[in-house]
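Engineer:
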Amino acid sequence: MTDHGVADTVDDERPQGEAARPHRHADRPLTGGRIDTWRHPLTVRLTHWLNVFAMTILVMSGINILMAHPHLYWGIRSTFADPWMSFPMAPDWLMVPMRRDLGAARGWHFLFAWIFVLNGLVYLAFITISGRLQRMMEPTRADLADIPHSIVEHARLKFPKGEEARRYNVLQKLTYLLVLLVLLPMMLATGLAMSPMMNAALPELLWILGGRQSARTLHFLAASGLVGFVFVHVALVVVAGFTNNMRSMITGWFVIEPEKEDAE
Amino acid sequence: MIPERRGLILGAGAALALGGCDRVARTSGLQCSLKKAEQVSQRSQRALARDRLAPEYEEKDISSDFRANGSVDPQASDYLALKANGFRDYRLILDGLVENPLSLSMTEIRARPSRTQITKHDCVEGWSAIAKWKGARLSRILDEARVKPEARFVVFYCFDALDQTEDGDRYYESIDVPEARHEQTILAYEMNDQTLPIANGAPLRLRLERQLGYKMAKYIKRIELVESFDHIAGGKGGYWEDRGYSWYAGI
Chain A
3 MTDHGVADTV
13 DDERPQGEAA
23 RPHRHADRPL
33 TGGRIDTWRH
43 PLTVRLTHWL
53 NVFAMTILVM
63 SGINILMAHP
73 HLYWGIRSTF
83 ADPWMSFPMA
93 PDWLMVPMRR
103 DLGAARGWHF
113 LFAWIFVLNG
123 LVYLAFITIS
133 GRLQRMMEPT
143 RADLADIPHS
153 IVEHARLKFP
163 KGEEARRYNV
173 LQKLTYLLVL
183 LVLLPMMLAT
193 GLAMSPMMNA
203 ALPELLWILG
213 GRQSARTLHF
223 LAASGLVGFV
233 FVHVALVVVA
243 GFTNNMRSMI
253 TGWFVIEPEK
263 EDAE
Chain B
12 MIPERRGLIL
22 GAGAALALGG
32 CDRVARTSGL
42 QCSLKKAEQV
52 SQRSQRALAR
62 DRLAPEYEEK
72 DISSDFRANG
82 SVDPQASDYL
92 ALKANGFRDY
102 RLILDGLVEN
112 PLSLSMTEIR
122 ARPSRTQITK
132 HDCVEGWSAI
142 AKWKGARLSR
152 ILDEARVKPE
162 ARFVVFYCFD
172 ALDQTEDGDR
182 YYESIDVPEA
192 RHEQTILAYE
202 MNDQTLPIAN
212 GAPLRLRLER
222 QLGYKMAKYI
232 KRIELVESFD
242 HIAGGKGGYW
252 EDRGYSWYAG
262 I
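Heads up: the sequence lines are chains A and B, in that order. Just so you know, the working numbering puts 6 at position 4 of the first sequence, and the rest follows in order with no gaps. Just so you know, the working numbering puts 117 at position 106 of the second sequence, and the rest follows in order with no gaps.
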């Protein structure tokens, strides 16, 4: 992982008089006051897209697994006559594989669970060691004070320009932290708590979560939270500039629009 | 889309990194990855769990609505004959790779060292139910039969055919010897202080508390110690395994 913004060594062999070559991730000025800025290092982009792929398979095979017993309960055992929630049958196109097949769906789910976990660990290690987690996602005091204003800005679908566009806004920070540090680890913990061998290995996990049926229901709720996040995330990517956002998550470069002096 | 393709390639790469595949089996790349993931899950969970016990519960936790799944009333003629006189003529056959093959009546099985446990039954479908089980400890019966060192798996042959036909595929299951020797692995003949009901596997069923319900063979007819289960039925080690379910059901 060479790609996280470490300054290139200055080349002393350059002909005299030429200006120092800018860092390869330094801002690139574009026409009209726009700036191309370096946003997503390679590790973030690779883990992001692998996660998109793994989570898609996990959600779709998860729906297939849920369809084997489309009822949820709370507690240590199922109360068959009184489920907390029941589901209609999901259409085939929403499932992996694309027909009801519990055995095969479990195979897919557990293969991609490993990929999801290993990929997630690489990402979390990277953002922790590189300091991105703290630098980019930890809300500052000013951020927290800005929450009401940020909500209004989001509701008006107004997105920051200029210097403000270099940073994540407070709602973005809090949402990413919720997803990274609560929902995704919750998926793993509740998933493991449904495994009878893990119940023997780590009974504490089962008890903390309130039993296997609670773990199963929480697994579903956390997954629903993630799917909800993805819908909002993709909608905001589209509204805030689909091409620019996609380009930044593919190439790493993001274009910042200049702040308009004469507003409206 | 480029990112999707990159994800596919990385996914395949990660799966390959899990290990090489059995070329003889001529499995596809995906089948191979799925199999490898199952093995990685099995090894890592076993390493974490070692000999630890599945959680045990209290009387008050027992389900009032324990669900019976799979066969609930076998119609095979040999089973109906035994059932007709309360399984008094039933004999459990234990043979295969053992020094001392056994043929035990229910009275003899009840006289063997037993264990009583209130445990959670986890179905592969996702539901759970709690019941109290009493049965003969399989490890003691294996000791009595003196398992040969080359034996690796314990195979359970059952009376029931899920399609309820006389020549239908009878249920069978297999577990490995270490799991068979686990403290909570019992041949249960009592459920909730009553003689094991027909729906739950009378006269004898397996309780394998650290794995899913489909591993826990009901209506056990015969137990065989084998080195490999490749030659039995579909060769995957169990009725549901032959139909696409994983042999390791600890997850």
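Glycine included, each C-beta is placed from N, C-alpha and C at the ideal position. Predicted model only: the values in this text are computed from it and were never measured.
For my contact list, residue 137/B and residue 67/A are in at a C-beta cut-off of 8 Å; report their separation, rounded to the angstrom.
Structural biologist: 7 Å
Engineer: Would residue 125/A pass as an interface residue toward chain B - the criterion being a Cβ-Cβ separation below 9 Å?
Structural biologist: no
Engineer: Leaving out five residues on either side along the sequence, give the residues of the same chain with a beta carbon under 6 Å from the beta carbon of residue 35/B.
Structural biologist: Since pLDDT at residue 35/B reaches only 47, below the 50 mark, its modelled position is unreliable, and the value read off the structure follows with that caveat. There are no such residues.
Engineer: Can you grab the Cα-Cα spacing for the pair residue 64/A / residue 97/B, in whole Å?
Structural biologist: 44 Å
Engineer: Looking at chain B, which residues of the stretch 51 to 70 of chain A have a Cβ within less than 9 Å of any of its Cβ atoms?
Structural biologist: 51, 52, 53, 54, 55, 56, 58, 59, 67, 68 and 70
Engineer: Check whether chain B comes within 9 Å of residue 76/A, counting only Cβ atoms and requiring the distance to be less than that.
Structural biologist: So no, residue 76/A is outside the interface.
Engineer: Excluding sequence positions up to five away, which residues of its chain have a Cβ less than 8 Å from the Cβ of residue 173/B?
Structural biologist: 81, 82, 179, 180, 182 and 250, listed in sequence order.
Engineer: Name the chain A residues whose beta carbon is nearer than 8 Å to that of residue 236/B?
Structural biologist: Those within 8 Å of residue 236/B in chain A number zero; the least Cβ separation is about 23 Å.
Engineer: With a Cβ-Cβ cutoff of 9 Å, do residue 41/A and residue 254/A count as a contact?
Structural biologist: yes
Engineer: For residue 209/A, which of 191/A, 226/A and 223/A has the nearest alpha-carbon?
Structural biologist: 191/A
Engineer: State yes or no: is the beta carbon of residue 230/B nearer than 9 Å to at least one beta carbon in chain A?
Structural biologist: no
Engineer: For residue 203/B, which residues of its own chain have a beta-carbon under 7 Å away from its beta-carbon, when the five flanking residues on both sides are left out?
Structural biologist: 73, 142 and 143
Engineer: Does any C-beta atom of chain B lie closer than 9 Å to the C-beta of residue 156/A?
Structural biologist: With 9 Å as the cut-off, residue 156/A does not count as an interface residue toward chain B.
Engineer: For residue 232/B, which beta-bridge partners are listed by DSSP?
Structural biologist: Residue 232/B pairs with nothing; no bridge assigned.
Engineer: Give me the Cα-Cα distance between residue 206/A and residue 160/A, rounded to the nearest whole angstrom.
Structural biologist: Their Cα atoms are separated by approximately 46 Å.
Engineer: Could you check how far apart the C-beta atoms of residue 150/B and residue 166/B are, in whole angstroms? I think they sit under 8 Å.
Structural biologist: Rounded, the Cβ-Cβ distance is 17 Å, inconsistent with contact.
Engineer: Jot down the residue ranges of each uninterrupted beta strand (DSSP E) in the stretch 61 to 121 of chain B, minimum 3 residues, whole runs only, in chain order.
Structural biologist: Runs of the beta strand (DSSP E) inside the stretch 61 to 121 of chain B: 102 to 107 and 113 to 116.
Engineer: Using a Cβ-Cβ cut-off of less than 9 Å, list which residues of the stretch 242 to 258 of chain B approach chain A; keep chain order.
Structural biologist: 251, 252, 254, 255, 256 and 257
Engineer: For a cutoff of 9 Å on Cβ pairs, would you count residue 72/B as touching chain A?
Structural biologist: Any Cβ of chain A closer than 9 Å to the Cβ of residue 72/B would place that residue at the interface, and such an atom is present.
Engineer: Going by CA-CA distance only, name the one from 146/B, 129/B and 257/B that's closest to residue 119/B.
Structural biologist: 146/B
Engineer: When DSSP labels each residue in this structure, what does residue 118/A get in the three-state scheme?
Structural biologist: helix
Engineer: State the DSSP-derived secondary structure class of residue 35/B, mapped to helix, strand or coil.
Structural biologist: For residue 35/B, the pLDDT reaches just 47, beneath the cut-off of 50, and the residue's location in the model is therefore unreliable, although a value from the coordinates is still provided. Coil at residue 35/B, not helix or strand.
Engineer: With a floor of 3 residues, list each beta strand (DSSP E) that falls wholly inside the stretch 147 to 223 of chain B, ordered by position along the chain.
Structural biologist: 164 to 172, 181 to 187, 197 to 202 and 216 to 218
Engineer: Anything in chain B within Cβ reach of residue 242/A, meaning under 9 Å, just list it in chain order.
Structural biologist: Correct list: empty, because the minimum Cβ distance to chain B is about 18 Å.
Engineer: Let me check understanding here. Comparing Cα to Cα, which of 49/A, 200/A, 259/A and 131/A lies closest to residue 122/A?
Structural biologist: 49/A
Engineer: Compare the beta carbon distance of residue 216/B and residue 236/B with 9 Å and say whether it is the shorter of the two.
Structural biologist: no
Engineer: Within the stretch 30 to 63 of chain A, note down every full alpha helix (DSSP H) run reaching 4 residues or more, in order along the chain.
Structural biologist: none
Engineer: I'd like to check one pair, residue 260/A with residue 34/A: are the Cβ atoms closer than 9 Å?
Structural biologist: yes
Engineer: Would you please verify whether the beta carbon of residue 113/A is less than 9 Å from any beta carbon of chain B?
Structural biologist: yes
Engineer: Residues of chain B with CB closer than 7 Å to the CB of residue 201/A, please, in chain order.
Structural biologist: 65 and 66
Engineer: Please report the Cβ distance between residue 191/B and residue 226/B, rounded to the nearest whole angstrom; I am assuming they are in contact, meaning their Cβ atoms lie under 8 Å.
Structural biologist: Between residue 226/B and residue 191/B the Cβ distance is about 11 Å, and since that is not below 8 Å, they are no contact.
Engineer: Below 8 Å on the Cβ atoms is my guess for residue 130/B versus residue 220/B; work out the distance and round it to an integer in Å.
Structural biologist: Sure, about 5 Å apart at Cβ, within 8 Å.
Engineer: Whole angstroms is fine: what's the gap from residue 202/A's alpha carbon to residue 27/A's?
Structural biologist: Going by C-alpha positions, residue 202/A is about 50 Å away from residue 27/A.
Engineer: Quick one: what does DSSP say residue 15/B is sitting in, helix, strand or coil?
Structural biologist: Only weak support is given to the placement of residue 15/B: the predicted model assigns it a pLDDT of 48, under 50, and the value that follows is read from those uncertain coordinates. The answer is helix: DSSP assigns residue 15/B an H, G or I state.
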